[in-house]
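Undergrad: My structure is below; once you've seen it, I'll send some questions.
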Amino acid sequence: MAAGETFRAGPWQVTCLVDGGLTFGAEVFPEVPAARQAELLARAGLAGAETEFNAYVLRHDDGRVWLVDTGCGAAFGPAGGHMPARLAEMGIAPGDVSRVIFTHLHGDHCGGALVDCQPVYAAAEVVLHAREAAHWRGTEGLGGQVLAACGDSLRCVGEDEDLGDGIVVWALPGHTPGHMGLRIGEGLVLAGDIVHSEALQLPDPRNATKYDVDGSQALASRHAALAEIADKGLVWAGSHMIGAKFARLERSGDGYAKLNL
7 MAAGETFRAG
17 PWQVTCLVDG
27 GLTFGAEVFP
37 EVPAARQAEL
47 LARAGLAGAE
57 TEFNAYVLRH
67 DDGRVWLVDT
77 GCGAAFGPAG
87 GHMPARLAEM
97 GIAPGDVSRV
107 IFTHLHGDHC
117 GGALVDCQPV
127 YAAAEVVLHA
137 REAAHWRGTE
147 GLGGQVLAAC
157 GDSLRCVGED
167 EDLGDGIVVW
177 ALPGHTPGHM
187 GLRIGEGLVL
197 AGDIVHSEAL
207 QLPDPRNATK
217 YDVDGSQALA
227 SRHAALAEIA
237 DKGLVWAGSH
247 MIGAKFARLE
257 RSGDGYAKLN
267 L
């Protein structure tokens with residue numbers, strides 16, 4: 007598979023790489039009646055709530071390579087686990103990656119970080135929101151395993167922390183306690199998991215998944231993020247976007263519509 011869709015933001019070339027996908031069952035959106043789900047999906051031309059697992063390669067003009075999330079690895083079936091191969095197609099070896107930034111530590115975002123409990127990107131600094139580290143530390147799942155393997159490479163960050171070269175933390179709590187995105191330059195944002203299904207959640211941002219740790223906080227983050235993207239004319243990329251991976255938004259009724267670039 008060829009390298010993914012790319013957007014230029016200041017000195018960074020940002021490339022979206024897909025590492026698997028699936029179709030959510032109706033139970034993933036438990037408070038949205040099945041008939042309403044079917045209506046919104048039909049409006050989008052979909053038979054189901056399709057999603058993809060997106061990770062991002064950030065390449066600086068000076069040659070540095072950072073990753074935002076590591077794909078799902080082998081945790082979600084044979085369609086995943088291909089990040090190293092995708093990177094190799096771009097001429098990037100795991101040892102070339104100097105920083106891995108996690109939006110959060112759900113398995114579809116961090117599952118590709120380890121093989122046999124060893125870091126794939128062993129030379130990289132690992133960046134994570136401090137609340138996310140506290141939430142997963144000592145747990146037995148993939149998030150806890152990643153934290154345990156990080157050792158001294160872990161850097162915990164806070165709200166609006168400057169990561170250098172025009173990249174700033176964008177705290178979006180609720181989906182998980184330390185869920186975050188990134189602001190890159192003046193016009194691009196990576197928005198993590200504020201939306202899992204564009205078809206269901208852009209027309210009505212109140213539609214929530216069962217995966218949110220704090221539903222009310224996640225809803226507030228989603229409302230605030232989508233409003234900022236639309237009102238400021240930002241380009242955004244979401245971890246579960248299908249179709250165009252970089253887009254804009256416009257307000258549409260009580261929700262939003264995706265505008266391809």
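Numbering (the numbering used here), first residue to last: 7 to 267. Ideal Cβ placement from N, Cα and C applies to all residues, glycine included. Predicted, not measured: the structure shown is a model, and the values here were computed from it.
#1: In this structure, how does DSSP classify PRO125 when only helix, strand and coil are distinguished?
#2: Should ALA130 and VAL106 be called a contact, given that it needs their Cβ atoms to be closer than 7 Å?
#3: In terms of residue numbering, what span does the alpha helix (DSSP H) encompassing LEU148 cover?
#4: Spell out the partners DSSP gives GLN19 in its beta bridges.
#5: So is HIS229 buried or exposed if we call it buried at 16+ other beta carbons inside 10 Å?
#6: DSSP state of CYS116, grouped into three classes?
#7: Closest to TYR62 by CA distance: which of ASP68, PRO90, GLU37 is it?
#8: Nearest-angstrom Cα distance between LYS251 and CYS22?
#9: Where do the N-terminal and C-terminal ends of the beta strand (DSSP E) with GLU167 fall, by residue?
#10: Curious, which full-length alpha helix (DSSP H) runs of at least 4 residues does the segment 173-225 contain?
#11: For VAL103, which residues of its own chain have a beta-carbon under 6 Å away from its beta-carbon, when the five flanking residues on both sides are left out?
#12: LYS216: buried (16+ other C-beta within 10 angstroms of its C-beta) or exposed?
#13: Under the rule that 16 or more other beta-carbon atoms within 10 Å means buried, what is ALA8, buried or exposed?
#14: Just tell me which of CYS156, SER159, ASP122, ALA263 has its CA closest to the CA of SER203.
#15: Is the Cβ-Cβ distance between VAL132 and VAL163 less than 7 Å?
#16: Less than 7 Å between C-beta atoms, sequence neighbours within five positions excluded: which residues of the same chain meet that for GLY31?
#17: With DSSP collapsed to three states, give me the class of ASP260.
#18: Pick out whichever of ASN266, ALA214, GLY221, GLY144 has its Cα sitting closest to the Cα of GLY239.
#19: With a Cβ-Cβ cutoff of 7 Å, do SER227 and ASP199 count as a contact?
#20: Just list the residues that DSSP pairs GLU131 with in beta bridges.
#21: Leaving out the 5 sequence neighbours to the left and right, which residues in its chain are closer than 8 Å to ALA155 when beta-carbon positions are compared?
TA: Taking the structure as given:
#1: Position 119 of the sequence shown, counted from the start, is the residue given in the question as residue 125. Of the three classes helix, strand and coil, the one that applies to PRO125 here is strand, per DSSP.
#2: For this step, residue 130 is matched to residue 124 along the sequence shown. For this step, residue 106 is matched to residue 100 along the sequence shown. Between ALA130 and VAL106, the CB-CB gap stays under 7 Å.
#3: As a first step, residue 148 is located in the sequence shown; it is residue number 142 there, counting from the start. Counting along the chain, the alpha helix (DSSP H) containing LEU148 begins and ends at 148-156.
#4: As a working note, residue 19 is residue 13 in the sequence shown. ARG14, ARG65, per the DSSP bridge assignment.
#5: Taking the first residue of the sequence shown as position 1, residue 229 is located at position 223. Exposed, since its Cβ has fewer than 16 Cβ neighbours within 10 Å.
#6: Locating residue 116 in the sequence shown gives position 110, where the first residue counts as 1. Three-state result, CYS116: helix.
#7: Mapped onto the sequence shown, residue 62 falls at position 56. Closest option to TYR62, Cα to Cα, is PRO90.
#8: Along the sequence shown, one-based indexing puts residue 251 at 245. Along the sequence shown, one-based indexing puts residue 22 at 16. Counting only the Cα atoms, CYS22 lies some 7 Å from LYS251.
#9: Numbered from its first residue, the sequence shown carries residue 167 at position 161. Taken as a continuous stretch (DSSP letters only), GLU167 belongs to no beta strand (DSSP E), as it is neither H nor E.
#10: Complete alpha helix (DSSP H) runs here, min 4: 204-207.
#11: Within the sequence shown, the letter at position 97 stands for residue 103. The beta carbon of VAL103 sits closer than 6 Å to the beta carbons of VAL71, LEU73, TYR127, ALA130 from its chain, once the five residues preceding and following it are set aside; these are given in chain order.
#12: The residue you call residue 216 lines up with position 210 of the sequence shown. So LYS216 counts as exposed.
#13: Numbered from 1 along the sequence shown, position 2 holds the residue referred to as residue 8. The predicted position of ALA8 is uncertain, since its pLDDT is 44 and thus under 50; no value can be drawn from it.
#14: Taking the first residue of the sequence shown as position 1, residue 203 is located at position 197. Considering only alpha carbons, the answer is ALA263.
#15: What you label residue 132 is simply residue 126 of the sequence shown in a count that begins at 1. What you label residue 163 is simply residue 157 of the sequence shown in a count that begins at 1. The Cβ atoms of VAL132 and VAL163 lie no closer than 7 Å to each other.
#16: Against the sequence shown, residue 31 aligns to sequence position 25. Nothing listed; no residue qualifies.
#17: Here residue 260 is taken as the residue at index 254 of the sequence shown, counted from 1. The answer is coil: DSSP assigns ASP260 none of H, G, I, E or B.
#18: Taking the first residue of the sequence shown as position 1, residue 239 is located at position 233. Of the listed residues, the one whose Cα sits closest to GLY239 is ASN266.
#19: By one-based count along the sequence shown, residue 227 stands at place 221. By one-based count along the sequence shown, residue 199 stands at place 193. No, these two residues do not count as a Cβ contact at 7 Å.
#20: The residue you call residue 131 lines up with position 125 of the sequence shown. Secondary-structure assignment with DSSP links GLU131 through a beta bridge to ARG105.
#21: Mapped onto the sequence shown, residue 155 falls at position 149. Taken in chain order, the residues that qualify are ALA119, LEU120, CYS123, GLN124, PRO125.
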